[in-house]
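So in full-length UniProt numbering, the last one in the sequence shown is 281, and the numbering has no gaps at all.
Working notes, structure below.
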Amino acid sequence: MERQSPLFTVFVYAAALLLAAIILAPILWLFVMSISSAADLSAKPLNWWPEEIDLSRYRLLLSTIENSAGAAFTASLFNSLKVAGMATLAAIAVAIPAAWAVSRTSNVSWSLYAVIATYMLPPVALAVPLYMGLAYLGLLNSVFGLALVYLTILAPFTTWLLKSGFDSIPKEIESAAMIDGARLDQILRLITLPLAAPVMATSALFAFLLAWDEFFYALLFTSDLRAKTLTVAISDLAGGRVSDYGLIATAGVLAALPPVLIGLVMQRALISGLTSGGVKG
């Protein structure tokens with residue numbers, strides 16, 4: 001085996017540490033802000049670590065007292081979970097047959113690129129048609145209506161990701177199963193989808209993150225706690241004359257926890273899906 005230079009090994013580890021520091025520094029500072037008192041946040045020179053840890057903002061945002069900031073925040077948290085979950089499940093359900101059809105029939109691949117081209121349009125260009133459509137269906141200020149809007153965003157994206165996963169699965173496997181008398185639904189259920197499971201998990205995770213972080217449509221199409229999502233609720237915390245930056249940071253930390261936990265649970269499938277098709281033998 002070729003022996004690596006010690007200097008090169010040190011360089012690799014130093015570059016990895018630098019990259020980790022760049023990525024984690026804003027997250028760490030967000031957490032520090034969330035546990036700092038107002039005096040620490042406004043101190044000059046700035047205190048890089050609070051003199052006294054203040055967890056009152058976490059208790060405030062996680063409280064369930066009626067008509068409190070905590071009740072509004074937790075309601076928005078559950079709304080985001082419902083909207084992102086429904087949109088992700090619907091997007092995967094739509095993307096699986098669409099991606100498989102495009103992967104196995106090259107003559108219709110242009111349709112996928114035509115749909116993806118709609119991403120070139122700014123969201124504000126679609127706001128009025130979507131608003132009128134939701135108003136006609138009576139789905140304004142509804143988690144189901146917002147999930148339907150997100151589906152139009154997520155379906156092309158997940159289809160594109162799943163197509164790359166289906167492309168890496170040899171067609172000969174499906175042809176052999178078909179010769180043995182397997183139906184199309186059996187081929188997909190027993191052969192293709194299990195082989196594409198890592199890519200499906202990766203697509204679902206990225207779709208969930210897109211829906212979780214979306215702000216523009218959630219701001220336009222929701223008005224109260226029946227459908228308001230977490231991103232809009234956090235923006236409301238900064239809407240007053242005097243903003244509590246520690247409270248906004250606390251909301252940011254809490255909002256980041258669900259995607260982080262889901263990513264940790266799906267870590268193995270995520271890595272496998274991202275590297276799928278990278279090496280073919």
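The C-beta atom is built at its ideal place from N, Cα and C for all residues, glycine as well.
Just so we're clear, the structure is a prediction, and the values are computed from it rather than from any experiment.
Residue i lies in the alpha helix (DSSP H); which residues open and close that run?
{"i": "residue 59", "result": "56-61"}
{"i": "residue 134", "result": "123-137"}
{"i": "residue 79", "result": "69-104"}
{"i": "residue 326", "result": "Nothing about residue 326 can be read from this structure; the chain reaches only from 1 to 281."}
{"i": "residue 213", "result": "197-213"}
{"i": "residue 64", "result": "No alpha helix (DSSP H) holds residue 64; DSSP gives it neither H nor E."}
{"i": "residue 181", "result": "Taken as a continuous stretch (DSSP letters only), residue 181 belongs to no alpha helix (DSSP H), as it is neither H nor E."}
{"i": "residue 40", "result": "38-41"}
{"i": "residue 219", "result": "216-221"}
So, helix, strand or coil for residue i, using DSSP?
{"i": "residue 169", "result": "coil"}
{"i": "residue 280", "result": "Because the pLDDT of residue 280 is 44, which lies under 50, any placement of that residue in the model is unreliable, and the question is left without a value."}
{"i": "residue 117", "result": "helix"}
{"i": "residue 228", "result": "coil"}
{"i": "residue 163", "result": "helix"}
{"i": "residue 244", "result": "coil"}
{"i": "residue 48", "result": "coil"}
{"i": "residue 107", "result": "helix"}
{"i": "residue 249", "result": "helix"}
{"i": "residue 238", "result": "coil"}
{"i": "residue 153", "result": "helix"}
{"i": "residue 140", "result": "coil"}
{"i": "residue 262", "result": "helix"}
{"i": "residue 53", "result": "coil"}
{"i": "residue 1", "result": "Only weak support is given to the placement of residue 1: the predicted model assigns it a pLDDT of 46, under 50, and the question is left unresolved by the model."}
{"i": "residue 267", "result": "helix"}
{"i": "residue 189", "result": "helix"}
Contact check, residue i vs residue j under 8 angstroms by CB: the rounded distance?
{"i": "residue 73", "j": "residue 149", "result": "So it is not a contact: roughly 23 angstroms between Cβ atoms."}
{"i": "residue 205", "j": "residue 263", "result": "6 angstroms"}
{"i": "residue 147", "j": "residue 95", "result": "Not a contact, Cβ separation roughly 15 angstroms."}
{"i": "residue 57", "j": "residue 34", "result": "6 angstroms"}
{"i": "residue 109", "j": "residue 102", "result": "5 angstroms"}
{"i": "residue 92", "j": "residue 203", "result": "7 angstroms"}
{"i": "residue 361", "j": "residue 143", "result": "Examination of residue 361 is not possible in this model, given that the chain is present from 1 through 281 alone."}
{"i": "residue 151", "j": "residue 238", "result": "Contact flag wrong, Cβ pair sits at about 29 angstroms."}
{"i": "residue 55", "j": "residue 245", "result": "Between residue 245 and residue 55 the Cβ distance is about 16 angstroms, and since that is not below 8 angstroms, they are no contact."}
{"i": "residue 157", "j": "residue 207", "result": "7 angstroms"}
{"i": "residue 139", "j": "residue 145", "result": "3 angstroms"}
{"i": "residue 37", "j": "residue 50", "result": "6 angstroms"}
{"i": "residue 112", "j": "residue 44", "result": "At roughly 55 angstroms, the Cβ-Cβ gap does not stay under 8 angstroms, so residue 112 and residue 44 are not in contact."}
{"i": "residue 187", "j": "residue 172", "result": "Their Cβ separation, rounded to whole angstroms, is 12 angstroms, which puts residue 187 and residue 172 out of contact at 8 angstroms."}
Worksheet item: Are there three or more Cβ pairs, one per stretch, closer than 8 angstroms when the region 26-39 is compared with the region 250-258?
Response: yes
Fill in: Stretch pair the region 150-168 + the region 185-199: three plus CB contacts closer than 8 angstroms
yes
Item to complete: Check whether the region 177-194 touches the region 125-143, taking contact to mean three or more Cβ pairs, one atom from each stretch, closer than 8 angstroms.
Response: no
Discussion item. Would the region 182-197 count as touching the region 71-86 if we require 3 or more Cβ pairs under 8 angstroms?
Written reply: no
Practice prompt. Could you tell me whether the region 212-221 touches the region 131-145, where touching means 3 or more Cβ pairs closer than 8 angstroms?
Written response: yes
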